[in-house]
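Student: Each residue of the sequence shown is one higher than the one before, starting from 459 at the first, in the numbering used here.
All C-beta atoms, glycine included, are put in the ideal place defined by N, C-alpha and C.
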Amino acid sequence: MSQDDTAPRRDLRVTDRAVDRPRRRVMRAAFFTLAVSQWMAACGGNGSDATAEATPAPPAGPTPPSPPTSPSPPSSTPAPTPAPPPAPTFAPTPAPPAGSLPDWVPAAGQVRVLTRSSGLTNNFRDTCPVYYDAENSVKVVNDFSTSFKNPYWGFYGGQVFFGGGHAGTNNNMVVVAEYGQTAITFKRVCDPTPWFGSTAAFQTQNSTGDANSKLNRTYYDSTIDGKPGSPHSYASGDIIGPEHGGAASGTYIQVIAAAVNHANDGGAVAAHKIDFNDITSSPSARNWQRVTNITADEASFGDWPAPLYTAFVPPQNRIYITPNGPNVQGLVRWFDLSTRTWIRGNGTGFSNGESDGFDSGIKFFVPSRNLLVFIYPLNAQLKVQWMDVSVAQPTLGGTATLSQTLRVGSSAASTNWSAACWCPLTSRIIVAGVFAGGAMDNTAVYEIAIPSVLSTTWPVDRAPLGAGQTLVPPDTQLDRGVTWKKFFYDEKVRSIVYFPLASPDGDDTVYVYRPRFT
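#1: Going straight from the alpha carbon of threonine 976 to that of asparagine 670, what length do you get?
#2: In three-state terms, what does DSSP make of proline 514?
#3: The beta strand (DSSP E) that contains threonine 806, what's its start and end?
#4: Start and end of the alpha helix (DSSP H) containing serine 595?
#5: What's the gap between the Cα of glycine 896 and the Cα of arginine 865?
#6: Here's the rule: buried if 16 or more other CB atoms are within 10 angstroms of the residue's CB, otherwise exposed. What is glutamine 843?
#7: Take threonine 666 as the anchor and find which of Ile732, Ser707, Lys607 and Ala592 has the nearest alpha-carbon.
#8: Alpha carbon to alpha carbon, how far is glutamate 701 from phenylalanine 606?
#9: Are the CB atoms of arginine 798 and threonine 750 within a distance shorter than 8 Å?
#10: Which residues does DSSP pair with asparagine 674 in a beta bridge?
#11: Which of helix, strand or coil does DSSP assign to alanine 871?
#12: I'd like to know whether the C-beta atoms of alanine 838 and alanine 870 end up nearer to each other than 8 Å.
#13: Based on DSSP bridge pairs, tell me the residues matched to glutamate 636.
#14: Select from Gly819, Leu923, Asp761 and Thr573 the residue whose C-alpha is nearest the C-alpha of histidine 802.
#15: Within 10 Å of its beta-carbon, does threonine 681 have 16 or more other beta-carbons around it, so buried, or fewer, so exposed?
#16: Between the region 846 to 857 and the region 893 to 907, do three or more beta carbon pairs fall short of 8 Å?
#17: Tell me, to the nearest whole angstrom, how far the beta carbon of phenylalanine 832 is from that of asparagine 810; I am working on the premise that it is less than 8 Å.
#18: With distance defined between alpha-carbon atoms, name the residue in Asn782, Val596, Lys645 and Phe602 nearest to valine 618.
#19: My output table needs one value for histidine 624: the three-state DSSP class, helix, strand or coil.
#20: Determine the direct distance from the alpha carbon of phenylalanine 613 to that of threonine 651, and round the result to whole angstroms.
#21: Within 10 angstroms of its Cβ, does aspartate 965 collect 16 or more other Cβ (buried), or is it exposed?
#22: Quick one: Cα of leucine 929 to Cα of tyrosine 956, how far?
#23: Around the C-beta of serine 868, are 16 or more other C-beta atoms found within 10 angstroms, so that it is buried, or is it exposed?
#24: Ordered along the chain, which non-local residues of its own chain (more than five positions away) have a Cβ less than 6 Å from that of glycine 695?
#25: Just to confirm my understanding: we take glycine 819, look at its own chain, exclude 5 residues before and 5 after, and list those with CB closer than 7 Å. What are they?
#26: Here's the rule I'm using: 16 or more other beta-carbon atoms within 10 Å means buried, otherwise exposed. How should arginine 974 be labelled?
#27: Buried or exposed: which applies to arginine 776, given that a residue is buried once 16 or more other Cβ atoms fall within 10 Å of its Cβ?
#28: Would you kindly report the start and end of the unbroken alpha helix (DSSP H) that includes phenylalanine 447?
#29: Just curious, the beta strand (DSSP E) that threonine 709 is in, first and last residue?
#30: In whole angstroms, what is the alpha-carbon distance linking leucine 1045 and valine 824?
#31: Would you mind reading off the limits of the alpha helix (DSSP H) that contains serine 665?
#32: So, under 8 Å CB-CB, isoleucine 732 and cysteine 648 are touching, yes? Tell me the CB distance rounded to an integer number of Å.
#33: Look at the alpha carbon of aspartate 817 and the alpha carbon of proline 781, and state the distance between them as a whole number of angstroms.
#34: On the DSSP bridge assignment, give the partners of glutamate 905 in chain order.
#35: Check alanine 843 in the structure and name its three-state DSSP category.
#36: State yes or no: is the C-beta of threonine 604 within less than 8 Å of the C-beta of tryptophan 942?
Below you can see the structure in the form of structure tokens.
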């Protein structure tokens, strides 16, 4: 069990001014009048607006999606409020032709569990270099950190891992879970910083030593090699493909960071990226770049306590940023990739600060509807909010009315959750970790359709898994949801590939769920 998992949670701001604060949830309960500006991610429309596109019914069989269309170029209008293209389009990553899916992908509507004995080539900790402690390296995954879908990596794509941070690890290596034909393989693709030395004698110091003196405290990157320090990545990070200005095999970018390095709660509103120009370069040959030498003006950007959520909206060339907050809605905020600036808009943001638990929620972009969707638990029930991001100044559109209540915990006090994503092949939101009859319904997922008129009821359907199969998104070791994980659908493998925790000494377990009708 991670040190972070047992320690009291902190309000992990990305600035030194907020070190060792008590858990925000506790603070809300005890001091609900504490004023902290919540900022929000982009939103839009109003509760009665209808989009032009009706939600299609699921296809009758596993028909591949149509070939993508070319995306519209990003707007060149300068910040702070660049207008999006008049008719934004998005080129989704196509799935491979029928019959070419990897061997480890299950049939539609079913789950497959991958371990070293079936479907995994190695364990995550096997990627650790000799100058770090391998058992500690799993905190890159486990300590309030996540993975990020990279469909541009190789033929089938993969996931990028970057995390760790406060009370976890200094290990700032980058690892990719590469999807192969017969198995998934964890590969280190960028070496971590040798904070104290590059031999095995420095394993402990490099992993958990106080490396604050070796951090640039403006950008929170290393003075040794320029790499950003290991953060609690939460759900903060995005992949940009070549069609949107990224590298050939994808670019990973993080535009806001919290809880950087083991001995530190601080972080920065600063941007770093790592380009994957190919999938064969050695990890020693790759490095990060500072995207800009200007950090955000915190006074104009607003308060931004962790956890942090980001989502890339290609038609606008923006990355929308949502921090946790104190029950009140903040303004929309984003990072403009064209001008490399952080912007606070005029619209009202998501209200996830009221969510149950400290690290609950998930945010994603729905390209076909030009919507950002944020889902979080409130009073142990899922609350779904949407925002129209086809406009230059988006604002909170509304809260969805679901056709049935989706409970995600036995009580608000113990609820944490983050398992939802958009599936473009079925035009449904896939939700896991739902409670039914007072217990976790791990033999099914739930599907939410987005109606053409957003103010009308959003239909919810239960989708049972195959006989005897289960999908277990919550962290069974901690008896609560893994709430800092991104849950996402991979078009190229037509599946949700979910890796809850990396094991320090046993076999890793990866769940692969392929939605119905895909």
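Tutor: In terms of the structure at hand:
#1: 48 Å
#2: For proline 514, the predicted model reports a pLDDT of 37, less than 50, meaning its position is unreliable; a value from the coordinates is still stated below. Looking at proline 514 - three-state DSSP - the assignment turns out to be coil, as it is neither helix nor strand.
#3: Residues 799 to 806.
#4: Looking at the DSSP string, the run of the alpha helix (DSSP H) that includes serine 595 is 592 to 595.
#5: 9 Å
#6: The residue is buried, with at least 16 neighbouring Cβ atoms inside 10 Å.
#7: Ala592
#8: 18 Å
#9: yes
#10: Answer by DSSP bridge pairing, in chain order: Asp679.
#11: helix
#12: yes
#13: Gly616 and Thr643
#14: According to the sequence displayed, residue 802 carries arginine and not histidine. Among Gly819, Leu923, Asp761 and Thr573, the Cα nearest to that of arginine 802 belongs to Asp761.
#15: exposed
#16: no
#17: 6 Å
#18: Lys645
#19: The answer is coil: DSSP assigns histidine 624 none of H, G, I, E or B.
#20: If you draw a straight line from the Cα of threonine 651 to the Cα of phenylalanine 613, it is about 30 Å long.
#21: exposed
#22: 9 Å
#23: exposed
#24: Phe606 and Gln712
#25: Tyr767, Asn810, Ser813, Phe832, Ile833, Tyr834 and Ser876
#26: buried
#27: buried
#28: This structure cannot speak to residue 447, because the chain is shown only from 459 to 976.
#29: Per DSSP, threonine 709 belongs to the beta strand (DSSP E) from 709 to 712.
#30: The requested residue 1045 does not occur in the structure, where the chain is confined to residues 459 to 976.
#31: 661 to 666
#32: 6 Å
#33: 10 Å
#34: Ile888 and Asp919
#35: In the sequence on display, residue 843 carries glutamine and not alanine. If DSSP states are grouped into helix, strand and coil, glutamine 843 belongs with the strands.
#36: yes
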